[in-house]
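When the letters of the sequence shown are read in order and numbered with our numbering, they come out as residues -12 to 59. Structure first, then comments.
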Amino acid sequence: MVQLQDVPKGISVISEATERERERELEREAQLVEESIMYTRLPKSKQLKLLCLKIGDNYGLNKDDKWSMKML
C-alpha cells in the first residue's frame, strides 16, 4: 500500500520537472527569436562582426586572445 500511495507523488514531481523544462525551452526559443530580430536590424558590417564573435565564443576563443582576434 505504501508504494501505491507514493506513485502520485512521483508523477507530480516528474510533471513539475517536465513543466520547468518546457518553460526553459520556451525561454530559449524566445531569446533566439529576439536575437534574430535584432540581428536583422544591424548593418551588414556589424552582422559579420557579431557572427565572427559568436563563432569565436563557440570555439572557446575570447577577445583578449591575440591569436583568436587575428583569426576573426
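Don't be surprised by glycine CBs; every beta carbon is placed ideally from N, CA and C. It should be emphasised that the depicted structure is a prediction, and the values quoted were computed from it without experimental measurement.
| query | result |
| --- | --- |
| Nonlocal neighbours in the same chain, by C-beta distance under 7 Å from Q34, ignoring five residues either side | Y26 |
| K57 classed as buried or exposed, judged by whether at least 16 other C-beta atoms fall within 10 angstroms | Low per-residue confidence applies at K57: pLDDT is 49, beneath 50, and the placement is therefore not dependable, though the value from the model is reported in the following sentence. Exposed. |
| Through-space distance from R11 to C42, alpha-carbon basis | According to the sequence shown, residue 42 is Ile rather than Cys. Their Cα atoms are separated by approximately 24 Å. |
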